[in-house]
Each structure stands twice: as structure tokens, then as C-alpha cells.
Amino acid sequence: MAWCSSECGATATSFNSIGRNVRRLLMRYCAVICCLFVLSFSKVHGQQLTRILFILDASNSMNSKWDGSQTRIDAAKELLIKTVDSLNGAANLQIGLRVYGHQSPITATYQDCNDTKLEVPFGPDNFTKVRNKIKTILAKGTTPIARSLEAAAADFPDTNARNIIILITDGLEACDNDPCVIAKKLHDKGVKVTPFVIGLGLDISYLDQFKCIGSYMEAETKESFKNVLKTVVAKAVINTTVQINLNNIHKVPNETDVTMFLYKAGTKELMYTFVHTLDRQGNPDTLTIDPAYKYDLVVNTIPKVHKNNISIIKNTHNVIPVDCPQGFIKLRFTNATSPYQVISRIYKKTDQQTLNTQLVGSTDKYIVGTYEVEILTLPRIYHSINVTQSSTETIDLPAPGQLTYSTSKMVAAQIFVENDNGTIDWVCNLDQVNLKGLIYLQPGKYRLVYRQKQLRSTTYTVEKEFKIQSNKTTSINL
Numbered sequence: 038m039a040w041c042s043s044e045c046g047a048t049a050t051s052f053n054s055i056g057r058n059v060r061r062l063l064m065r066y067c068a069v070i071c072c073l074f075v076l077s078f079s080k081v082h083g084q085q086l087t088r089i090l091f092i093l094d095a096s097n098s099m100n101s102k103w104d105g106s107q108t109r110i111d112a113a114k115e116l117l118i119k120t121v122d123s124l125n126g127a128a129n130l131q132i133g134l135r136v137y138g139h140q141s142p143i144t145a146t147y148q149d150c151n152d153t154k155l156e157v158p159f160g161p162d163n164f165t166k167v168r169n170k171i172k173t174i175l176a177k178g179t180t181p182i183a184r185s186l187e188a189a190a191a192d193f194p195d196t197n198a199r200n201i202i203i204l205i206t207d208g209l210e211a212c213d214n215d216p217c218v219i220a221k222k223l224h225d226k227g228v229k230v231t232p233f234v235i236g237l238g239l240d241i242s243y244l245d246q247f248k249c250i251g252s253y254m255e256a257e258t259k260e261s262f263k264n265v266l267k268t269v270v271a272k273a274v275i276n277t278t279v280q281i282n283l284n285n286i287h288k289v290p291n292e293t294d295v296t297m298f299l300y301k302a303g304t305k306e307l308m309y310t311f312v313h314t315l316d317r318q319g320n321p322d323t324l325t326i327d328p329a330y331k332y333d334l335v336v337n338t339i340p341k342v343h344k345n346n347i348s349i350i351k352n353t354h355n356v357i358p359v360d361c362p363q364g365f366i367k368l369r370f371t372n373a374t375s376p377y378q379v380i381s382r383i384y385k386k387t388d389q390q391t392l393n394t395q396l397v398g399s400t401d402k403y404i405v406g407t408y409e410v411e412i413l414t415l416p417r418i419y420h421s422i423n424v425t426q427s428s429t430e431t432i433d434l435p436a437p438g439q440l441t442y443s444t445s446k447m448v449a450a451q452i453f454v455e456n457d458n459g460t461i462d463w464v465c466n467l468d469q470v471n472l473k474g475l476i477y478l479q480p481g482k483y484r485l486v487y488r489q490k491q492l493r494s495t496t497y498t499v500e501k502e503f504k505i506q507s508n509k510t511t512s513i514n515l
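FYI, the numbering for the sequence shown is 38 to 515, going by this note's numbering.
#1: Report the rounded CA-to-CA distance for residue 231 versus residue 180, giving the unit in angstroms.
#2: Where DSSP assigns a beta bridge to residue 435, which residues make up the other side?
#3: Return the CA-CA distance between residue 70 and residue 434, expressed in angstroms with no decimal places.
#4: If we ignore side chains and look at the alpha-carbon of each, how far apart do residue 78 and residue 424 end up?
#5: Is the region 288-306 in contact with the region 356-367, if contact means three or more CB pairs nearer than 8 Å?
#6: Report yes if the C-beta distance between residue 140 and residue 178 is below 8 Å; otherwise report no.
#7: Between the beta-carbon of residue 498 and the beta-carbon of residue 440, is there less than 8 Å?
#8: Residue 186: buried (16+ other C-beta within 10 angstroms of its C-beta) or exposed?
#9: Determine the extent of the beta strand (DSSP E) in which residue 333 is found, giving its start and end residues.
#10: Relative to the alpha-carbon of residue 275, which residue among 86, 419, 513 has its alpha-carbon at the smallest distance?
#11: Only counting the same chain, and skipping five residues up and downstream in sequence, which positions put a Cβ closer than 6 Å to that of residue 332?
#12: Just the C-alpha distance for residue 366 and residue 426, rounded to the nearest angstrom, thanks.
#13: Below 8 Å between beta carbons: does that hold for residue 339 and residue 422?
#14: My guess is that residue 219 and residue 95 are in contact by the Cβ rule of under 8 Å, so how many angstroms apart are they, rounded?
#15: Indicate whether residue 381 and residue 392 have their beta-carbon atoms separated by less than 8 Å.
#16: Which class does residue 195 belong to by DSSP, given the choice of helix, strand or coil?
#17: With DSSP collapsed to three states, give me the class of residue 322.
#18: Quick one: grab the DSSP three-state call for residue 316.
#19: When the Cβ atoms of the region 101-113 are set against those of the region 187-198, are three or more pairs found closer than 8 Å?
#20: Is residue 509 near residue 447, with beta carbons less than 8 Å apart?
#21: Helix or strand or just coil, what does DSSP make of residue 181?
#22: Mind checking residue 162: buried by the 16 CB within 10 Å criterion, or exposed?
#23: Could you give the distance in angstroms between the alpha-carbon of residue 184 and the alpha-carbon of residue 307?
#24: Residue 163 bridges to which residues according to DSSP?
#25: I'd like to confirm the pairing. Which residues does DSSP put opposite residue 341 in its beta bridges?
#26: Between residue 383 and residue 410, how many whole angstroms is the CB-CB distance? I'm expecting something under 8 Å.
#27: Provide the residue span of the beta strand (DSSP E) that contains residue 292, from first to last.
#28: Assign residue 428 to buried or exposed, taking buried as 16 or more other Cβ atoms, counted over all protein chains shown, within 10 Å of its Cβ.
#29: Taking only the alpha-carbon atoms, compute the straight-line gap between residue 214 and residue 221 and give it to the nearest angstrom.
#30: Quick one: give me the first and last residue of the alpha helix (DSSP H) that residue 109 is part of.
#31: Quick test of your reading: residue 474 and residue 467, contact by CB under 8 Å. State the CB separation rounded to the nearest angstrom.
#32: Pull the bridge partners of residue 482 from the DSSP assignment, please.
#33: Just to confirm, is the Cβ distance from residue 93 to residue 116 under 8 Å?
#34: To the nearest angstrom, how far is it from the Cα of residue 492 to the Cα of residue 378?
#35: Considering residue 381, what are the terminal residues of the beta strand (DSSP E) in which it resides?
#36: With a threshold of 16 other CB atoms inside 10 Å of the CB of residue 98, please say whether the residue is buried or exposed.
Here it is in C-alpha cells:
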């Protein structure tokens with residue numbers, strides 16, 4: 038599990054001051070479970086120091102295999118060392134290490150709930166000490182999360198810094214203390230807690246137990262945690278976050294599950310790609326984006342929504358509202374006895390540009406408004422449809438029937454439909470090479486007009502009328 042919290046009201050270290058190694062960090066991070074508490078303290082003038090205290094879970098459960106042959110403790114140590122190496126050399130940054138569960142083995146009758154120790158205190162240039170200590174850690178004992186967090190509050194030398202705790206764990210509290218109570222105590226002391234919970238190889242149903250602490254994420258595999266950890270660490274180090282609100286027609290940000298592209302403003306240089314996500318509380322997920330640039334946002338709804346020249350303000354939480362109210366169009370055949378692969382073309386009457394090709398039998402999401410639907414049946418079917426917020430507009434189509442034909446000679450042949458208003462419209466041509474074939478047609482009355490190609494006179498023109506019914510076959514010999 039992991040908790041994270043971000044400092045409220047403190048002046049954060051700017052992105053550029055963190056240094057080139059931190060940028061490498063954001064691309065290199067692989068996975069551990071982590072929990073981030075950012076302690077909120079008073080503002081200081083000038084360049085501000087950031088302290089990160091890593092709390093490593095060395096309980097016996099960390100000896101379990103995870104994501105292949107590697108144990109959780111080995112994966113945690115490996116990736117924590119990579120994290121420390123990547124942070125080494127970053128300006129205005131100090132780190133420390135607290136470990137729990139590594140001193141007293143757990144037995145069937147005993148667990149040491151005081152097994153938590155500050156192994157490497159904060160200090161300048163102690164990255165090597167932290168790295169070397171991590172290598173020696175063995176997983177043995179229990180999981181005193183709450184006591185470790187409570188003790189960790191005293192590990193920071195002073196409050197004149199951005200003080201961050203990153204807890205790396207795979208399990209729940211195993212002792213008599215409640216992390217939720219500790220979180221409340223911190224809050225009552227004026228420490229704001231805004232956590233992120235990450236489940237490392239843990240049954241994600243347990244994550245609900247952390248609702249009292251705040252938002253949370255799960256990482257069931259090493260690869261998925263790589264991406265989650267990158268986001269969490271970036272929030273801790275950079276302290277500049279972005280939330281993109283995809284608003285419905287009532288300005289409520291509950292539209293989601295669509296890909297977003299962020300380009301460097303005024304260019305085609307793609308900087309970020311995200312699938313918009315709502316967290317477990319139903320809020321738009323928090324992103325970490327370099328504030329050094331302006332951006333053009335493309336939300337890949339149907340049709341696309343654009344928002345250009347977006348500025349990101351450093352050291353704060355940025356909210357970007359985008360109007361993306363959406364509803365649904367559903368296309369289906371009624372009473373069809375067989376599956377039919379028929380596509381439709383969705384477009385606006387104003388410009389005729391194809392916005393989507395949607396299969397009959399599917400449902401797709403569209404920005405609210407009026408659309409033209411051209412269904413490529415034989416003959417084609419046309420509808421105008423008005424999409425409204427969160428509603429599903431359904432177009433029901435009669436199931437087609439089958440026309441089978443055969444001929445002994447090549448023919449020039451065309452099929453026409455007889456409309457209810459007395460007009461006749463062309464539907465399709467028959468293949469002039471093949472002597473037999475099958476065509477799916479919508480129910481109705483038709484005419485087949487043909488002439489054998491070897492006969493060189495119009496007097497040999499032949500008309501045959503036939504009727505098509507849903508799910509039935511009509512056969513014609515020419």
C-alpha cells in the first residue's frame with residue numbers, strides 16, 4: 038500500500054531547480070509500492086529545501102513472490118536503489134531511510150509492533166549511506182504502519198522545508214494502531230494529508246480500507262507500478278500538478294475514458310499522452326506536467342475538442358476545464374438471426390466530413406448535438422439524430438434478407454428498389470464476372486434488370502421483380 042500527501046501553502050522547489058537528474062528520474066522509475074504524505078509547514082523565503090523520508094516495509098510478507106520469480110522485498114530494494122541513484126545530485130534535496138519489520142522475526146505467537154527504526158537520518162550527501170543500507174535489509178517481521186508513520190513525524194530536523202514521507206509496503210496494518218487515527222492526529226496538529234495509496238501485488242479490494250486517508254491507486258504488476266510511481270514521485274519532487282476536467286453539459290467534470298494529447302503550443306510536437314481517468318472518489322486524476330511550456334490540448338472525443346495555449350502555473354495545482362458533454366448512438370438490427378457486418382458513416386450536415394464509421398450492433402460516444410447517420414446497407418438508410426447528455430439514442434434497423442442469383446452466361450445487371458412513394462432507385466450492380474452470388478438486401482420490393490452480354494440488342498433486356506424479407510432467402514435464376 039502507499040500513501041502520499043502534498044504540502045499545502047509551502048513554496049515548492051521549481052522544476053528547473055531540481056536538476057537534470059530528476060528529469061531522468063521521471064523516465065527511469067520502476068516500481069515499488071508507496072504511500073506519500075506531504076507535511077504542510079510555514080513558508081520560507083528563498084530557495085526551499087525538500088526532504089524525502091523513505092519508509093521501507095521489511096515485513097515477512099515481503100518475501101512473497103511477485104510478478105515473476107522476484108520477491109517483493111527484492112523488487113522494492115532494487116527499485117528503491119534506482120530511485121535513490123536517480124535523485125542523487127538533485128539540488129536542494131535531502132533523503133532519509135526508516136525501515137520496519139526487519140529486526141524481529143514474526144512467529145505464530147509473537148510479533149514486534151515496535152519494530153521500526155530510523156536507519157539513515159537526514160543529512161547532506163547521504164545518498165550512498167541510504168543505498169548501502171537498503172542492500173543489507175532482510176524481511177522478517179510484522180507490519181507496524183501506524184507506529185512507523187507516527188515516529189517518522191519526528192525524523193525531520195525542522196519544519197522549514199517541504200517534508201515528504203514515501204512509504205513502500207505490500208500490506209495492511211498488522212498491529213493495534215490505526216493509520217487512519219494517525220492521519221487524523223496529523224491533521225489535528227495542522228498537518229494536511231493528501232495521500233495516494235498504491236497496492237503492490239495486493240488484492241485491490243483491501244484498498245477500500247484506506248478511504249479515511251484519501252485517494253489511492255493500485256499497481257498489480259511491476260510494469261503498472263512503474264507508471265504509478267513515476268507520477269507519485271513527480272508530484273513529490275516537482276510540486277506542480279494538473280487536473281483536466283472534462284465537463285458535461287452541467288459543468289460537472291464526470292466525462293472520462295478518452296485519450297488526450299498535449300502538444301507544445303503552436304507546434305505538432307507531442308509532449309504527453311494520457312487516457313483520462315476518474316479516481317476512486319470520482320474526481321479527475323492528477324497529472325504531472327512540465328510547467329516550462331505552454332500546451333495545446335486535443336481531447337479525442339467524437340468530434341475532437343481543442344483547447345490551445347494552456348499555461349501551467351508552477352508550484353500549485355492547476356485545473357483545466359474543457360467542455361466535453363457527451364451522449365451515445367446505438368445502432369442495431371432488430372430480430373436478426375445471423376450477425377451482419379454493416380458499417381455506418383457519422384457526419385455533420387454542415388461539412389459532410391466523416392467523423393466516425395460505426396458498426397451496426399455497436400454503441401459509440403459523441404459530443405452532444407445533431408448528427409447525420411448513413412448506414413451502408415443495400416439500399417442505404419439515412420437518419421438524423423440528436424445526441425443529448427448521457428442519453429443513448431438508438432436506431433433500430435430491420436434485419437436484412439438474402440438474394441442468391443445464378444446465371445449460365447455473363448450478364449450486365451442492376452438491382453433497383455421500389456419505394457413506397459412510387460419512385461425507383463438504383464441499389465447496386467451485379468458482378469459481371471462471377472456467374473453466381475449472394476447479396477444482403479433490406480426488406481422491400483425490388484427489380485432486377487439485365488441482359489446477357491453476348492446478346493447485342495436492347496430487345497434482350499429482361500426485368501424480374503422480387504421481394505426480400507428479413508432473415509429469409511430469395512433465389513433468382515437469370
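Every residue gets a Cβ at the ideal spot worked out from N, C-alpha and C, and that includes glycine. On a predicted model such as this, the values are computed, not experimentally measured, just so you know.
Straight from the coordinates:
#1: Residue mapping note: residue 231 aligns to position 194 of the sequence shown, counting from 1. Residue mapping note: residue 180 aligns to position 143 of the sequence shown, counting from 1. In this prediction, residue 231 scores a pLDDT of 40, lower than 50, which makes its location untrustworthy; the coordinate-derived value is nonetheless stated afterwards. Rounded to whole angstroms, the separation of the alpha carbons of residue 180 and residue 231 is 22 Å.
#2: Sequence index remark: in the sequence shown, residue 435 carries index 398 (1-based). The beta-bridge partner set that DSSP reports for residue 435 consists of 371.
#3: Taking the sequence shown and counting its residues from 1, one reaches residue 70 at position 33. Taking the sequence shown and counting its residues from 1, one reaches residue 434 at position 397. Confidence at residue 70 is low in this model, with a pLDDT of 36, below 50, so the placement of that residue should be treated as unreliable; the coordinate-derived value is given next. When only Cα atoms are considered, residue 70 and residue 434 end up about 51 Å apart.
#4: As a first step, residue 78 must be located in the sequence shown, where it is residue number 41. As a first step, residue 424 must be located in the sequence shown, where it is residue number 387. At residue 78, the pLDDT of 36 sits below 50, so the modelled position is not reliable and the matter cannot be decided from this model.
#5: Contact between the region 288-306 and the region 356-367 is present, because at least three Cβ pairs lie under 8 Å.
#6: Position 103 of the sequence shown, counted from the start, is the residue given in the question as residue 140. Position 141 of the sequence shown, counted from the start, is the residue given in the question as residue 178. With respect to the 8 Å criterion, residue 140 and residue 178 are classified as neighbours on the basis of their beta carbons.
#7: To locate residue 498, count along the sequence shown from 1; it is residue 461. To locate residue 440, count along the sequence shown from 1; it is residue 403. Result no, Cβ atoms of residue 498 and residue 440 do not sit closer than 8 Å.
#8: By 1-based counting over the sequence shown, the position of residue 186 is 149. Its Cβ being crowded by 16 or more others within 10 Å, residue 186 is buried.
#9: As a first step, residue 333 must be located in the sequence shown, where it is residue number 296. 331-336 is the span of the beta strand (DSSP E), which, as asked, contains residue 333.
#10: If you number the sequence shown from 1, residue 275 lands on position 238. Nearest C-alpha to residue 275 among 86, 419, 513: 86.
#11: In the sequence shown, counting from the first residue as 1, residue 332 sits at position 295. Beyond the five residues adjoining it in sequence on each side, residue 332 comes within less than 6 Å, by CB distance, of 299, 302, 347 in the same chain, given in chain order.
#12: On the sequence shown, residue 366 is found 329 positions in, with the first residue counted as 1. On the sequence shown, residue 426 is found 389 positions in, with the first residue counted as 1. Whole-angstrom Cα-Cα distance: 11 Å.
#13: The count along the sequence shown starts at 1 and reaches residue 339 at position 302. The count along the sequence shown starts at 1 and reaches residue 422 at position 385. Their beta carbons are not under 8 Å apart, which means residue 339 does not touch residue 422 by this criterion.
#14: Along the sequence shown, read from residue 1 onward, the residue named residue 219 stands at position 182. Along the sequence shown, read from residue 1 onward, the residue named residue 95 stands at position 58. Between residue 95 and residue 219 the Cβ distance is about 20 Å, and since that is not below 8 Å, they are no contact.
#15: As a first step, residue 381 must be located in the sequence shown, where it is residue number 344. As a first step, residue 392 must be located in the sequence shown, where it is residue number 355. The answer is no: Cβ separation not under 8 Å.
#16: Residue 195 sits at position 158 when you count from the first residue of the sequence shown. If DSSP states are grouped into helix, strand and coil, residue 195 belongs with coil.
#17: As a position in the sequence shown, residue 322 is number 285, starting the count at 1. In this structure, residue 322 counts as coil in the three-state DSSP scheme.
#18: Taking the first residue of the sequence shown as 1, we reach residue 316 at position 279. Of the three classes helix, strand and coil, the one that applies to residue 316 here is coil, per DSSP.
#19: Judged by Cβ distances under 8 Å, the region 101-113 makes no contact with the region 187-198, as fewer than three pairs qualify.
#20: In the sequence shown, the residue the question calls residue 509 occupies position 472. In the sequence shown, the residue the question calls residue 447 occupies position 410. The answer is no: Cβ separation not under 8 Å.
#21: Residue numbering aside, residue 181 sits at position 144 when the sequence shown is read from its first letter. Coil, per DSSP.
#22: The sequence position of residue 162 within the sequence shown is 125, counting from 1. The residue in question, residue 162, is exposed, as its Cβ has fewer than 16 Cβ neighbours within 10 Å.
#23: Position 147 of the sequence shown, counted from the start, is the residue given in the question as residue 184. Position 270 of the sequence shown, counted from the start, is the residue given in the question as residue 307. Approximately 45 Å between the Cα atoms of the pair.
#24: As a working mapping, residue 163 is identified with position 126 in the sequence shown. Answer by DSSP bridge pairing: none, since residue 163 is not bridged.
#25: The residue given as residue 341 occupies position 304 in the sequence shown. Per DSSP, none; premise fails for residue 341.
#26: On the sequence shown, position 346 is the one that residue 383 refers to. On the sequence shown, position 373 is the one that residue 410 refers to. Contact holds; Cβ gap of about 6 Å.
#27: Along the sequence shown, read from residue 1 onward, the residue named residue 292 stands at position 255. In the DSSP assignment, residue 292 falls outside any beta strand (DSSP E), carrying neither H nor E.
#28: By 1-based counting over the sequence shown, the position of residue 428 is 391. Counting Cβ neighbours within 10 Å, residue 428 comes out exposed, since fewer than 16 surround it.
#29: By 1-based counting over the sequence shown, the position of residue 214 is 177. By 1-based counting over the sequence shown, the position of residue 221 is 184. Looking at the two C-alpha atoms, the distance is approximately 13 Å.
#30: Position 72 of the sequence shown holds residue 109. Residue 109 -> alpha helix (DSSP H) spans 109-124.
#31: By 1-based counting over the sequence shown, the position of residue 474 is 437. By 1-based counting over the sequence shown, the position of residue 467 is 430. Their Cβ separation, rounded to whole angstroms, is 7 Å, which keeps residue 474 and residue 467 in contact under 8 Å.
#32: Translated into positions along the sequence shown, residue 482 becomes position 445. According to DSSP, which records beta bridges pairwise, residue 482 is partnered with 455, 504.
#33: Position 56 of the sequence shown, counted from the start, is the residue given in the question as residue 93. Position 79 of the sequence shown, counted from the start, is the residue given in the question as residue 116. No, Cβ-Cβ distance for residue 93 and residue 116 is not below 8 Å.
#34: The count along the sequence shown starts at 1 and reaches residue 492 at position 455. The count along the sequence shown starts at 1 and reaches residue 378 at position 341. Going from the Cα of residue 492 to the Cα of residue 378 covers about 37 Å.
#35: The sequence position of residue 381 within the sequence shown is 344, counting from 1. Here the beta strand (DSSP E) through residue 381 covers 380-384.
#36: Within the sequence shown, numbered from 1, the residue matching residue 98 stands at position 61. Flag for residue 98 reads buried.
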